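First up is the structure itself, then whatever we jot down about it.
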Amino acid sequence: MIHASFLTVCKALNFGVVAVQRSLKFQLNNYRCKGSIRHIQMEINHKSNSSGANSDSRGALVVLEGLDRCGKTTQSGRLLTYLEGLGHPAELWRFPDRSTSVGQMISSYLSNQSQLDDHTVHLLFSANRWEKRSLMETKLKSGTTLIVDRYSYSGVAFSSAKGLDFEWCKAPEIGLLAPDVVLYLNIPPEKAAERGGYGGERYEKLEFQRKVAQSYQNLHDASWKIIDASRPVEDIEKQLQEIVSDCIKTCQKGKPLSFLWSC
1 MIHASFLTVC KALNFGVVAV QRSLKFQLNN YRCKGSIRHI QMEINHKSNS SGANSDSRGA
61 LVVLEGLDRC GKTTQSGRLL TYLEGLGHPA ELWRFPDRST SVGQMISSYL SNQSQLDDHT
121 VHLLFSANRW EKRSLMETKL KSGTTLIVDR YSYSGVAFSS AKGLDFEWCK APEIGLLAPD
181 VVLYLNIPPE KAAERGGYGG ERYEKLEFQR KVAQSYQNLH DASWKIIDAS RPVEDIEKQL
241 QEIVSDCIKT CQKGKPLSFL WSC
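Per UniProt numbering, residue 1 is the first one in the sequence shown, and the count goes up by one each step.
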């Protein structure tokens, strides 16, 4: 009985030795052909880092802001086409999003079909952004870059231009996702008023737009890039492409999400 058990153990040990020998032989051959496993792993890590791959990689939140008729719609569409051409997952969003129930109320107001108190209107615009907040975070974390035509800055700039308290206007926006870059298309209100279609909506009045421009000045922070929107469309397009490409690379390397006006 003991002898049988001893033979079984020996066979097992012999099998183990053969297996180890074969494994060592395979690794030695692999080393000769491709270098050491450590070297290969270091090479993979280096390539991964250099290409921006990261477990916390995400899409960028890119916001376009400016006065009415400054060219945001044109540039945001061209930017989307550019990013898709490079193979970047990207989507174009616009606020207000008039497809939601809140957005439909806003649309009616903007087209002068209804009258609402200024405080109520401001809160509706804010609610419209909060409706999309969760989806926005999900999209960004999945690697999709969002190009957003108007965001919280528009809400604060337009409402404060009506005379509402500046800090009160900011308060409902606190906690929304902060953009990685704000592309402010800067144009004199008089120049914007010369463009086609001006005056079709409630806020497209020259004197009011001057007040909005002043309110925007009080919102500038480190994330803002001021773009001269009086230049040719193609020149603006190229500048935006360069800024956004750099921003996306930074987000792919694991830049954490942040929140608007949080302490």
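Note that CB positions come from ideal geometry on N, CA and C, so glycine has one too. The structure presented is a predicted model; accordingly, all values stated were derived computationally and were not measured.
Which of the three DSSP states is assigned to residue i in this structure?
| i | result |
| --- | --- |
| G85 | helix |
| Q252 | helix |
| A90 | strand |
| G59 | coil |
| D228 | strand |
| L260 | coil |
| F26 | Confidence at F26 is low in this model, with a pLDDT of 38, below 50, so the placement of that residue should be treated as unreliable; the coordinate-derived value is given next. Helix at F26. |
| L110 | helix |
| L116 | coil |
| S99 | coil |
| H122 | helix |
| S50 | Residue placement at S50 is poorly supported in this model, since its pLDDT is 45, which falls under 50; the coordinates are not used for a value here. |
| L240 | helix |
| G71 | coil |
| D246 | helix |
| A213 | helix |
| G77 | helix |
| K221 | The displayed chain sequence assigns Asp, not Lys, to residue 221. D221 falls in the coil class under three-state DSSP. |
Closest to residue i by CA distance: which of the options is it?
| i | options | result |
| --- | --- | --- |
| Q239 | Y82, K253, Q214 | Y82 |
| Q214 | Y109, T138, N186, L140 | N186 |
| residue 264 | V102, K132, L79 | Residue numbering for the chain in the displayed model covers 1 to 263; residue 264 lies beyond these limits and cannot be assessed. |
| P189 | L80, Y216, E242 | Y216 |
| A192 | L80, F208, R129 | F208 |
| M136 | R94, M105, Q113, P172 | R94 |
| W224 | L183, R150, D246 | L183 |
| A60 | S76, S245, S262 | S245 |
| K72 | A229, P256, S108, S114 | A229 |
| A171 | S76, C70, S262, L64 | S262 |
| Y151 | E131, R210, E237 | E131 |
| E84 | R195, D221, L146 | L146 |
| E65 | E194, I226, E237, I243 | I226 |
| E242 | L79, T74, C70 | L79 |
| R69 | R195, V148, K205, I236 | R195 |
| V148 | R129, V233, E234 | R129 |
Near residue i, which residues of its chain fall below 7 Å by C-beta distance, leaving aside the five closest residues on each side in sequence?
| i | result |
| --- | --- |
| D118 | S159, K162, L164 |
| V212 | L67, A157, F158, A161 |
| A127 | V102 |
| G35 | Low per-residue confidence applies at G35: pLDDT is 42, beneath 50, and the placement is therefore not dependable enough to give any value. |
| M105 | L124 |
| K141 | R58 |
Between which residues of its own chain and residue i is the CB-CB distance below 8 Å, once the five residues before and five after are set aside?
| i | result |
| --- | --- |
| F259 | I174, G175, L176, L177, A178 |
| G52 | Residue confidence is low: G52 scores 43 on pLDDT, short of 50, so the model does not pin down where it sits. Its coordinate-derived value is still stated next. Around G52: K249, Q252, K253. |
| C169 | H122, G155, V156, S159, S160 |
| L219 | Y153, V156, A157 |
| P256 | D56 |
| S107 | P96, R98 |
| D180 | A60, L61, V62, S223, C247, T250, C251, K255 |
| T144 | G59, P89, A90, E91 |
| R210 | P189 |
| L206 | P189, E190, A193 |
Might you give, ordered along the chain, the residues of its own chain that have their beta carbon closer than 6 Å to the beta carbon of residue i, omitting 5 neighbours on each side?
| i | result |
| --- | --- |
| D56 | G254 |
| L116 | Y109 |
| F166 | S160 |
| T100 | E131 |
| S76 | L64, L92, I147, D149 |
Mind checking who residue i pairs with in its DSSP beta bridge?
| i | result |
| --- | --- |
| G66 | L185 |
Please indicate yes or no: does the CB of residue i lie closer than 7 Å to some heavy atom of the ligand NAD?
| i | result |
| --- | --- |
| V121 | The ligand NAD is absent from the structure shown, which contains no ligands of any kind. |
Quick one: complete beta strand (DSSP E) runs, 3+ long, within the segment 127–206?
If you keep only unbroken beta strand (DSSP E) runs of at least 3 residues inside the segment 127–206, you get 145–149, 181–186.
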